[in-house]
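In the numbering used here, the protein residues as written are 878 to 1164.
Built from N, CA and C at the ideal position, the CB exists for glycine as well.
Source: prediction; values computed, not measured.
Reading through the C-alpha cells given below for one structure.
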C-alpha cells in the first residue's frame, strides 16, 4: 500500500546481495492473470516497474549491507529471515547509500537491458482497497487493517492536515529492541533551495483500547528515535498513539506530561464509518 509511482526498487537475493535499479511505473493493483507456469504462485497484489538508470550486474554484498547497518547508515529494514517481510520501504538517505555502492561496484555504466517476456498489466485493473467490511462497533477486526488504511491514506496525502507535511512514510519499521514501529514519518521543509529535515513522527496503532503499556511502548519509540536520529532532541519527535479509545491511565499521564514537561503525546481516536468504507479520526485533548 505504501508503493508509489516513481519509487526506486532494489532486490535482495539471498546469498548474493542487493541488486538495482528499477523504478515503479504503476501500482498497487489487483490482477489474477497468470504470470508463470506455477499456478500456486498467483500473487495477485501487484505493481509494475522497469529498469532505470542503467544495468548494474554486480550487486551490493551482504557484508557491505551489514557494515552500513552497524554504522547506523541504514536502519529501516532487516534482512533477518525470521522476520520474513518480503517488501520494505526505505528512506531516501538509505537509498543514496545503496546507490553509492552500486555505482562503486559498477564503475562502467551499462545501458538498461530489456526484460524478456515482460508482464503486461491489464488495460483496466482493480485498485487495492482496504477491506473494512468485517469491522464491528466502529472498530477494525485486526490491527494490520488499521495499519494498511493509514498507509493508504498517507499515500494519498489525506492526513497532512492532521500530521503536518510529511515526505517519507514507512510502516513496520524494526527497532534495536526487537519491536516494530507501526508507522514512521519524516518531515522536510524547503526554504529556497535548502531542504531542512526538522521533525520525525512515530505512530503506535491499537485496534481497540490503548492502555498504559501501549503508551509506554510509543514513548520508548520516541526516546529511541531522539537518540538515533535527532541527537537527543526529543522536541524533534512527534509522538502519536491511535486507538478506538484510551484508558484513564493514558489520559492522566498525557495530561500530567504536558503540564510538567510541556511536551505531549497526541492521542487520536478512530472510528470506522457505519458504511465500512473509511475511517474517521478525532484528536483527544486530555484536560
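When you compare only the Cα positions, how much space is there between residue i and residue j?
i, j, result
"residue 1160", "residue 1121", "11 Å"
"residue 1155", "residue 950", "37 Å"
"residue 959", "residue 943", "Confidence is the limiting factor: at residue 959 the pLDDT is only 43, short of 50, which leaves the residue's position unreliable, though a coordinate-based value still follows. C-alpha separation (whole angstroms): 16 Å."
"residue 911", "residue 1000", "15 Å"
"residue 1095", "residue 1152", "31 Å"
"residue 864", "residue 969", "Residue 864 is absent from the structure shown; the chain starts at 878 and stops at 1164."
"residue 1110", "residue 990", "46 Å"
"residue 1117", "residue 934", "43 Å"
"residue 918", "residue 963", "14 Å"
"residue 1105", "residue 1113", "12 Å"
"residue 1134", "residue 909", "51 Å"
"residue 998", "residue 1078", "36 Å"
"residue 1130", "residue 1107", "24 Å"
"residue 984", "residue 975", "14 Å"
"residue 1146", "residue 1088", "13 Å"
"residue 1041", "residue 928", "34 Å"
"residue 1037", "residue 914", "44 Å"
"residue 1039", "residue 916", "44 Å"
"residue 1067", "residue 971", "20 Å"
Among all the DSSP beta bridges, which residues are the ones paired with residue i?
i, result
"residue 1061", "1047, 1079"
"residue 1154", "Partner(s): none; residue 1154 has no beta bridge."
"residue 894", "890"
"residue 1146", "1120, 1159"
"residue 933", "Answer is none; residue 933 lacks a bridge partner."
"residue 1013", "1016"
"residue 1132", "Residue 1132 is not bridged to any residue."
"residue 922", "907"
"residue 1004", "906"
"residue 1173", "Because the chain in this structure spans residues 878 to 1164, residue 1173 falls outside the shown range and cannot be described."
"residue 928", "899"
"residue 1114", "1077"
"residue 974", "Paired residue(s): none; residue 974 is not in a bridge."
"residue 994", "Answer by DSSP bridge pairing: none, since residue 994 is not bridged."
Spatial neighbours of residue i within its chain, please: CB distance less than 8 Å, with the 5 preceding and 5 following residues excluded, ordered by chain position.
i, result
"residue 881", "901, 1032"
"residue 1086", "1120, 1121, 1122, 1123, 1124"
"residue 1024", "1048, 1049, 1059, 1060, 1082"
"residue 907", "921, 922, 923, 1002, 1003, 1004, 1005"
"residue 946", "952"
"residue 1054", "1097, 1101"
"residue 1008", "1022"
"residue 1091", "1081, 1083, 1118, 1120, 1127"
Taking DSSP as the reference, what is the three-state secondary structure of residue i?
i, result
"residue 906", "strand"
"residue 1141", "coil"
"residue 916", "coil"
"residue 1104", "helix"
"residue 940", "helix"
"residue 1067", "strand"
"residue 884", "coil"
"residue 879", "coil"
"residue 1087", "strand"
"residue 1094", "helix"
"residue 1169", "Residue numbering for the chain in the displayed model covers 878 to 1164; residue 1169 lies beyond these limits and cannot be assessed."
"residue 989", "coil"
"residue 954", "coil"
"residue 1024", "helix"
"residue 1029", "helix"
"residue 981", "helix"
So, for residue i: in the same chain, excluding its five sequence neighbours on each side, which residues have a beta-carbon less than 7 Å away from its beta-carbon?
i, result
"residue 1072", "1065"
"residue 926", "886, 899, 900, 901, 902"
"residue 978", "937, 941"
"residue 904", "880, 923, 924, 925"
"residue 986", "931"
"residue 1170", "Given that the chain is displayed from residue 878 to residue 1164, the structure contains no residue 1170 and the question cannot be resolved."
"residue 1149", "1009, 1012, 1015, 1016, 1017, 1156"
"residue 1019", "1084"
"residue 1057", "1049, 1050, 1051"
"residue 878", "905, 1005, 1025, 1028, 1029, 1032"
Which residues in the same chain have their Cβ closer than 6 Å to the Cβ of residue i, if we skip the five residues on either side of it in sequence?
i, result
"residue 888", "896"
"residue 965", "954"
"residue 1045", "968, 1063"
"residue 1143", "1117"
With 8 Å set as the bound, which would you pick, yes or no: does the beta-carbon of residue i sit closer than that to a beta-carbon of chain B?
i, result
"residue 1019", "Absent from the structure is chain B; it holds one protein chain and no more."
**Item:** Contact between the segment 983-994 and the segment 1016-1031 (3+ Cβ pairs under 8 Å)
**Value:** no
**Asked** Is the segment 925-941 touching the segment 886-901 in the sense that three or more CB pairs, one from each, lie closer than 8 Å?
**Response** yes
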